[in-house]
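S.K.: Handing you a structure now.
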Amino acid sequence: MISIRQTSVRSGRIGGRKRTSAKTLAAKQNILLRWHPRHKDGTIPVEALVDGAWYQGSGRTAPIALWDSHAGLFRTIGIQTWPDPANYPATRRRISGLKSEKHIQSLGGTFSPQKIIAH
């Protein structure tokens, strides 16, 4: 006799029927990707991005970024690794700050979103 767990794994219903925020976000992203498919390199197009969602990908300053659709930019937290030349031997502190990157499709864009993480 086959257990319920084995049946759910075979049919692809591992998560069950319970609604969660992660499932809702994934469903929203999948609907957008049906209308605007990924590029050949796996990049999610601008039209399929969800406002206020965090994306994993490859960028100039960080691998994780927040999509701000109103500004049309990704917001990342970057760390300045260059030391301050005036205080170099005494202080080797890294400075972090909020950075902005454009989508890779845009002119001068540097962030390529591959996977949605959270909303």
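Its first residue numbered 518, the sequence shown is counted upward by one per residue in our numbering. Every residue, glycine too, gets a C-beta built ideally from N, C-alpha and C. All figures in this text were calculated on a predicted structure; none of them were measured in a lab.
#1: Check whether the segment 539-548 touches the segment 582-597, taking contact to mean three or more Cβ pairs, one atom from each stretch, closer than 8 Å.
#2: Roughly how many angstroms lie between the CA atoms of SER569 and ASP585, to the nearest whole one?
#3: Can you list, in chain order, the residues of its chain with a C-beta nearer than 6 Å to that of LEU583? Leave out the 5 residues immediately preceding and following it.
#4: Determine, using beta carbons only, whether VAL563 and HIS636 come nearer to each other than 8 Å.
#5: What does a CB cutoff of less than 7 Å around GLY625 pick up in its chain, not counting 5 residues either side in sequence?
#6: Taking the alpha helix (DSSP H) that GLN546 belongs to, which residues open and close that run?
#7: Grab me the residues of SER613's own chain with a C-beta within less than 8 Å of its C-beta, minus the 5 sequence neighbours each way, in chain order.
#8: Quick one: residues in its chain with C-beta nearer than 6 Å to the C-beta of THR578, no 5 flanking neighbours on either side, listed in chain order?
M.R.: To lay it out plainly:
#1: Output reads no: the segment 582-597 does not touch the segment 539-548.
#2: The sequence position of residue 569 within the sequence shown is 52, counting from 1. The sequence position of residue 585 within the sequence shown is 68, counting from 1. The sequence shown places Gly at residue 569, rather than the Ser named in the question. Looking at the two C-alpha atoms, the distance is approximately 6 Å.
#3: As a working mapping, residue 583 is identified with position 66 in the sequence shown. Closer than 6 Å at the Cβ level, and outside the excluded window around LEU583, lie TRP571 and ARG592.
#4: Residue numbering aside, residue 563 sits at position 46 when the sequence shown is read from its first letter. Residue numbering aside, residue 636 sits at position 119 when the sequence shown is read from its first letter. By the CB criterion at 8 Å, VAL563 and HIS636 fall outside the cutoff.
#5: As a working mapping, residue 625 is identified with position 108 in the sequence shown. If the five residues before and after GLY625 are omitted, its C-beta is found closer than 7 Å to the C-beta atoms of LYS619, all from its own chain and listed in chain order.
#6: The count along the sequence shown starts at 1 and reaches residue 546 at position 29. Boundaries of the alpha helix (DSSP H) around GLN546: 538-552.
#7: By one-based count along the sequence shown, residue 613 stands at place 96. So the list reads ILE594, GLY595, ILE596 and GLN597, once near-sequence residues are dropped.
#8: As a first step, residue 578 is located in the sequence shown; it is residue number 61 there, counting from the start. In the same chain as THR578, and ignoring 5 residues on each side of it, the C-beta atoms closer than 6 Å to its own belong to THR593, GLY595 and LYS616, in chain order.
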